[in-house]
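For reference, the structure discussed in these notes is given below.
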Amino acid sequence: MRDWWKQWLTTDFGWTQSLLFYAIDLGLVLALIYMVLVIIGERRTLWMVRGFILLMLASAISARLGLPLLSFVLEKLVVGSAVAMAVTFQSEFRRFLEQLGRGEFRQLLQPGRRIVPKPDSVIDEIVDAVRELSQNRIGALLILETDSPIDERDLKVPGVKLNAEVSKEILLTIFHPKTALHDGACLIRGSRVVAAAVILPLYERPAPRQLGTRHRAALGITEKVENCVCVVVSEETGSISLAERGILNKPLTSSKLKELLEARFSPAVEREAVAPSIRGLVNQIGNRVRILMTRFFALFGLNLPASPRNKK
Numbered sequence: 001m002r003d004w005w006k007q008w009l010t011t012d013f014g015w016t017q018s019l020l021f022y023a024i025d026l027g028l029v030l031a032l033i034y035m036v037l038v039i040i041g042e043r044r045t046l047w048m049v050r051g052f053i054l055l056m057l058a059s060a061i062s063a064r065l066g067l068p069l070l071s072f073v074l075e076k077l078v079v080g081s082a083v084a085m086a087v088t089f090q091s092e093f094r095r096f097l098e099q100l101g102r103g104e105f106r107q108l109l110q111p112g113r114r115i116v117p118k119p120d121s122v123i124d125e126i127v128d129a130v131r132e133l134s135q136n137r138i139g140a141l142l143i144l145e146t147d148s149p150i151d152e153r154d155l156k157v158p159g160v161k162l163n164a165e166v167s168k169e170i171l172l173t174i175f176h177p178k179t180a181l182h183d184g185a186c187l188i189r190g191s192r193v194v195a196a197a198v199i200l201p202l203y204e205r206p207a208p209r210q211l212g213t214r215h216r217a218a219l220g221i222t223e224k225v226e227n228c229v230c231v232v233v234s235e236e237t238g239s240i241s242l243a244e245r246g247i248l249n250k251p252l253t254s255s256k257l258k259e260l261l262e263a264r265f266s267p268a269v270e271r272e273a274v275a276p277s278i279r280g281l282v283n284q285i286g287n288r289v290r291i292l293m294t295r296f297f298a299l300f301g302l303n304l305p306a307s308p309r310n311k312k
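Residue numbers for the sequence shown follow UniProt numbering, so the first one is 1 and each next one is one higher.
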């Protein structure tokens, strides 16, 4: 078998062999791009990936055409863009490398679509607790997971495990100044309070001086981990803030907070998948090929034979 494979590789099949190798090369590149899109998983980042791919294609074409200066500039832009994307999507690329190292290829080819919905009752309990904490000027920090669970390695201290049902009373109890769990964040997963007294990494970039430790912690965790949002209640002013992806939205009223949380965690809202399923992708490609073939045969006054599924 091995001798046959070596003989096949050394045999000159001309353009057929070249076409086969080009097809394999292109297929592997497309598979790699598909995995990256699955890991990133959001439509708004797709344009950055497309721009990066266009830069690589332009660099390859300029090198093929013999334009050394343009090729040099584009090559440096590709390297710089790759470094920038690695920094911007560090959590996604880390998850990609971890899954690749574990051999979890099936997960790499399965795009996630839904965010984790929260029942209206859970959002109401959170908003009611935040409203009362704000009125009494009691500081609070809540982490709400949006899809996959947060890796404990992204937290400085995982805190005390609770696994209790979300309610206004338990949140008020946790953040009461006289309790042992009030100092830190409260981690909420679905409709459960997973842990309290969670210590988060602080925001390392320059920030306004009026931002306290809770706000810097909310900015730090949401910048580092994208699958969460943070609700912050200021101890000094009682103002309400919402942090997501390293951006702080403040000040908010309790009604505005409820509106934002309902929009973020509504069961009807789906994260638009950047990469479709493999079956859907194959069907799309097949339909496009069939349309092109139909137009090609129409130029010569011929009809494309009907597929077996279309035959009655």
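Here a beta-carbon is modelled for each residue, glycine too, at the ideal position from N, C-alpha and C.
Between the beta-carbon of valine 130 and that of isoleucine 240 there is about 6 angstroms, and that keeps the pair under the 8 angstroms contact cut. Rounded to the nearest angstrom, the Cβ distance from alanine 196 to leucine 172 is 12 angstroms, too far for a contact under 8 angstroms. Counting the other Cβ atoms within 10 Å of the Cβ of arginine 216 gives 16 or more, which makes it buried.
The beta carbon of proline 251 sits closer than 6 angstroms to those of Ser239, all from its chain and outside the five residues before and after it, given in chain order. Here the alpha carbon of serine 62 sits roughly 23 angstroms from the alpha carbon of glycine 27.
Rounded to whole angstroms, the separation of the alpha carbons of proline 158 and lysine 76 is 41 angstroms.
Less than 8 angstroms separates the beta-carbon of valine 193 from that of leucine 162.
CA-to-CA, the gap between leucine 248 and leucine 219 works out to about 7 angstroms. Residue state for arginine 153 is assigned as helix, using DSSP reduced to three classes.
At a Cβ-Cβ threshold of 8 angstroms, isoleucine 150 and valine 225 count as neighbours.
Under DSSP, glutamate 145 takes part in a beta bridge, and its partners are Cys228.
Within a 10 Å sphere around the beta-carbon of isoleucine 221 sit 16 or more other beta-carbons, which makes this residue buried. For arginine 189, same chain residues with a beta-carbon under 6 angstroms away, outside a window of 5 residues either side, are Glu145 in chain order. Leaving aside the five residues that flank serine 148 on each side, the residues in its chain whose CB is nearer than 6 angstroms to its CB run, in chain order, Asn227.
Residue pairing by DSSP places asparagine 249 opposite Leu242 in a beta bridge. Inter-residue distance for alanine 263 and glutamate 244 is about 13 angstroms (C-alpha atoms, whole angstroms). Minimum Cα-Cα distance from glutamate 236 among the listed residues Cys230, Gln135 and Ser167 corresponds to Gln135. Taking all protein chains shown into account, alanine 185 has 16 or more neighbouring C-beta atoms within 10 Å of its C-beta and is therefore buried. Boundaries of the alpha helix (DSSP H) harbouring arginine 264: 254-265, taken from the DSSP string.
In terms of CA proximity to valine 49, Leu32 leads the group Leu32, Ala164 and Leu65.
Of the residues Arg102, Ser167, Ser191 and Pro201, the one whose Cα lies closest to the Cα of glutamate 132 is Ser167. One alpha carbon belongs to arginine 153, the other to glutamate 98, and they sit about 13 angstroms apart. Secondary structure at arginine 214: helix, using DSSP grouped into helix, strand and coil. Secondary structure note for lysine 161: it is in no alpha helix (DSSP H), and the uninterrupted beta strand (DSSP E) holding it is 160-165. Distances from the alpha-carbon of leucine 54 to those of Leu74, Pro68, Leu69 and Leu65 put Leu74 closest.
Valine 127 is classed as buried because its beta carbon has at least 16 other beta carbons within 10 Å across all chains shown.
The three-state secondary structure of arginine 192, taken from DSSP, is strand.
The three-state reading of DSSP puts leucine 65 in coil, since its state is none of H, G, I, E or B. Using a Cβ distance threshold of 8 angstroms, leucine 155 and isoleucine 199 count as a contacting pair.
Exposure of leucine 30 is indicated by the presence of fewer than 16 other C-beta atoms within 10 angstroms of its C-beta. Residue environment for isoleucine 24: exposed (fewer than 16 other C-beta atoms within 10 angstroms of its C-beta).
The three-state secondary structure of alanine 140, taken from DSSP, is strand. With a contact defined as Cβ atoms closer than 8 angstroms, serine 59 and serine 71 qualify at about 6 angstroms.
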